[in-house]
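Novice:
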Amino acid sequence: MVSDSDLVCKAIAEVAGASLKKALATLDQAETELQTAQLKEYRDQVAIYETFVGQIRQNKTMTLEEAAKQLKAKAAPVIAAHEQLAETTACLEVEELTDSSDDRSRDTSKDDGPEKADS
């Protein structure tokens, strides 16, 4: 027999579970919006830098050293935006995605090719 307190506890747990599910969905949405904003910031900084590079190219009186100093100073926001974006972006290494048996079969087929050509 199920007691009233068991039913109340179950109802509270269901409400808490639904609330947690809603909070996690909100968190996921906020993380997505943050990544989108960071990507936009990075793209904006790159566009500003590219415009500046174009201006430097057109200035024929500037020495390479002067141009390098100015470009280095203007690159700082791009680098900062890139680092911020990299911190929140999960990147997979290519090696993690390959199957070692697949690599062996490709290596064998590469070795077979030249021998057949020599025959």
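To get this note's numbering, take the position in the sequence shown, counting from 1, and add 3.
Think of the CB as a built atom: it goes at the ideal place given N, C-alpha and C, for glycine as much as any other residue.
With a threshold of 8 Å on Cβ separation, who are the neighbours of P117 within its own chain once the five nearest residues in sequence on each side are excluded?
Specialist: As a first step, residue 117 is located in the sequence shown; it is residue number 114 there, counting from the start. At P117 the pLDDT is 49, less than 50, meaning the model places this residue with poor confidence and gives no usable figure here.
Novice: Quick one: Cα of A83 to Cα of Q48, how far?
Specialist: Looking up residue 83 in the sequence shown gives position 80. Looking up residue 48 in the sequence shown gives position 45. Straight-line Cα distance between these residues: approximately 9 Å.
Novice: At what residues does the alpha helix (DSSP H) containing S8 begin and finish?
Specialist: Within the sequence shown, residue 8 is the residue found at index 5, counting from 1. 7-61 is the span of the alpha helix (DSSP H), which, as asked, contains S8.
Novice: What would DSSP say about T91, mapped onto helix, strand or coil?
Specialist: Sequence index remark: in the sequence shown, residue 91 carries index 88 (1-based). Here T91 sits in helix by DSSP.
Novice: When you compare each of I15, T64, A78, L42 to E90 by their alpha carbons, which one comes out closest?
Specialist: Taking the first residue of the sequence shown as 1, we reach residue 90 at position 87. Of I15, T64, A78, L42, the residue nearest in Cα terms is L42.
Novice: Just the Cα atoms here: how many angstroms apart are T29 and L37?
Specialist: Counting from one through the sequence shown, the residue named residue 29 turns up at place 26. Counting from one through the sequence shown, the residue named residue 37 turns up at place 34. Their backbone Cα atoms lie some 12 Å apart in a straight line.
Novice: Rounded to a whole number of angstroms, what is the C-alpha to C-alpha distance between T39 and K63?
Specialist: For the purposes of this step, residue 39 is identified with residue 36 of the sequence shown, where counting begins at 1. For the purposes of this step, residue 63 is identified with residue 60 of the sequence shown, where counting begins at 1. Between T39 and K63, the C-alpha separation is close to 38 Å.
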